[in-house]
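Undergrad: In the working numbering, the protein residues as written are 906 to 1041. C-beta: ideal position from N, C-alpha, C; glycine also. The structure is given below, and queries will be raised subsequently.
Put into structure tokens, the structure is as follows:
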């Protein structure tokens, strides 16, 4: 595997932090620390391609019914409100499986790193998507 995503950048906007905290019922903090969910938000927004483009890369579209698989978030240090981060990552595996009732499907896993300006990895987000392959 090892296909590298183009990567990109993400800035933790104060208004997004406020809205996220409001929606999920988290306290509005005054210490400049963003909610841990921003590790995921930053990783996915800084992927460098859209979700539709990622599906196409995997030989699928949203019409095929892909499903979110697993997600693991390792937060090494809190993200800061107002700070910008770069994102880098790659596809780590693609495995074909056969379900007795579902038929063939692929599980595609990828790993994204959220990196601070000084090069420190603040978070690692590992995800997978499940792609039904009904016609194969």
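For residue 1007 and residue 975, what's the separation of their Cα atoms in angstroms?
TA: 18 angstroms
Undergrad: Using DSSP with H/G/I as helix, E/B as strand and the rest coil, what is residue 1016?
TA: strand
Undergrad: Assign residue 984 to one of two classes, buried (16 or more other C-beta atoms within 10 Å of its C-beta) or exposed (fewer than that).
TA: buried
Undergrad: Quickly, what does DSSP pair residue 985 with across the bridge? List them, please.
TA: Paired residues: 938.
Undergrad: In whole angstroms, what is the alpha-carbon distance linking residue 949 and residue 1004?
TA: 29 angstroms
Undergrad: Just verifying my parser: in three-state terms, what is the DSSP assignment at residue 919?
TA: Helix.
Undergrad: Is it the case that the Cβ atoms of residue 1036 and residue 944 are separated by a distance below 8 angstroms?
TA: no
Undergrad: Please report the distance separating the alpha-carbon of residue 988 from that of residue 1009.
TA: 43 angstroms
Undergrad: Secondary structure at residue 1027, three-state DSSP: helix, strand or coil?
TA: strand
Undergrad: Who does residue 944 pair with in a DSSP beta bridge?
TA: Looking at the DSSP assignment, residue 944 forms no beta bridge with any residue, so it has no partner.
Undergrad: Would you mind reading off the limits of the beta strand (DSSP E) that contains residue 956?
TA: No beta strand (DSSP E) contains residue 956, which is instead part of the alpha helix (DSSP H) from 956 to 962.
Undergrad: Whose C-beta lies closer than 8 angstroms to the C-beta of residue 1025 among residues of the same chain, with five residues either side of it excluded?
TA: 981, 982, listed in sequence order.
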